[in-house]
Every structure is written in structure tokens, then in C-alpha cells.
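Taking it in order: structure first as C-alpha cells, then the write-up.
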Amino acid sequence: MCERCRPIFKDRRFRQRSWVATTTGVQFADSEHRTLLWDTLREPPDPPFCVYVTAGGQKQGWISLGIYLSTSRERYWVGTDWTDRPVLIERAWVHDQAELIDRMRERKMPKQVLLDGQFSSGAWDRAMREEWTDDIEAVLARVGDPRWEVVVRAHP
């Protein structure tokens, strides 16, 4: 292992937290930077850059980003610890999903429900009363798409 890589492997933050790396440095998502990932996905930095989103903080999923450097603000890679390789994201697609995610989160829908599509009967009843069953159907159509999982997990 080279001398430049060794410190990164030893620093647990790269495994345990989500982060964004640019030519000016690395910023970790934390309580002070709650919107870091969401803001980055919607308005990526100038290339080159790397984005890593962790779900569990246990795997070294970021390692695969070494060969998937993002060189475009319109189409870029996001490393995860739940897929076997980075996920290719289009900025326009993120913007298209933003309103749906915002609406569902404003309705207090947990991220896990947006990820697995397991809406309770109470959620369906409420959606029928308030006339937003189309949003539930839209979420269900996206469940299983790795891009959807990235944007849901990145949403503050």
C-alpha cells in the first residue's frame, strides 16, 4: 500500500461516515453538515470529485471509487456500502426525484419505507383521504433502483 493511501485506510471516518472529496479536501457528513450529501447530489462540485454514502458504516465500500472518479457535474458516480460498485447518477434525475422525496418526507414517511416500499395500511388510508396515492405508486415504482436508494439516504 502506498504512503498516500495508508492514512485513508487507517482513518475510520472514511468507512463509518458519508463524505464528499474534491480537489480542495474532504468533508464528512455530520450533524453540522446535515445537507452535505443532498446539496452535493443536486449541485455537484467542479470535477474531479468523489461522493460516498454509507448505510451501515461497516464496509470499505469507498475503495471502488478509486477507478470511478467523477469527471462531470451532469453524470457522476456515488460509492456506497450496499452495492458491489458505485452507482451512476444523473443530476437531472436527482432533481426529478427531489419533489417526490420532499413531499413524502414532509408527510413524515420514514426513509426505510421509501427504501422498501412497505407502506402501512394507515399510510394508504391517509393517502387516499388526502389524495396522494399517486406519490405512493411513484415510490413503489422506484423501490429497488440503486439511484433511488442513494437519493433517499442522502436526503436530510
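For the sequence shown, our numbering gives the first residue as 11, with consecutive numbering after it. The beta-carbon is built from N, C-alpha and C at its ideal position, and this holds for glycine as well.
Report task. Determine the direct distance from the alpha carbon of Val36 to that of Arg115, and round the result to whole angstroms. Result -> Distance between the alpha carbons of Arg115 and Val36: 28 Å.
Query raised in the report: Would you say Lys121 reaches chain E, if we count a Cβ-Cβ gap shorter than 9 Å as a contact?
Result: This model lacks chain E altogether, as it is built from one protein chain only.
Query raised in the report: Taking just the CA atoms, how far does Lys121 sit from Met138?
Result: When rounded, the distance between both Cα atoms is 20 Å.
Query - Bridge partners - Leu98, DSSP secondary structure assignment - result: Leu98 pairs with Trp87.
Report task. For the beta strand (DSSP E) holding Gln37, just list the boundary residues, first then last. Result -> Boundaries of the beta strand (DSSP E) harbouring Gln37: 35-38, taken from the DSSP string.
Query - Cross-strand partners of Ser80 (DSSP beta bridge) - result: In DSSP, Ser80 forms a bridge with Phe59.
Query raised in the report: If we ignore side chains and look at the alpha-carbon of each, how far apart do Arg22 and Phe38 end up?
Result: Cα to Cα, Arg22 sits roughly 12 Å from Phe38.
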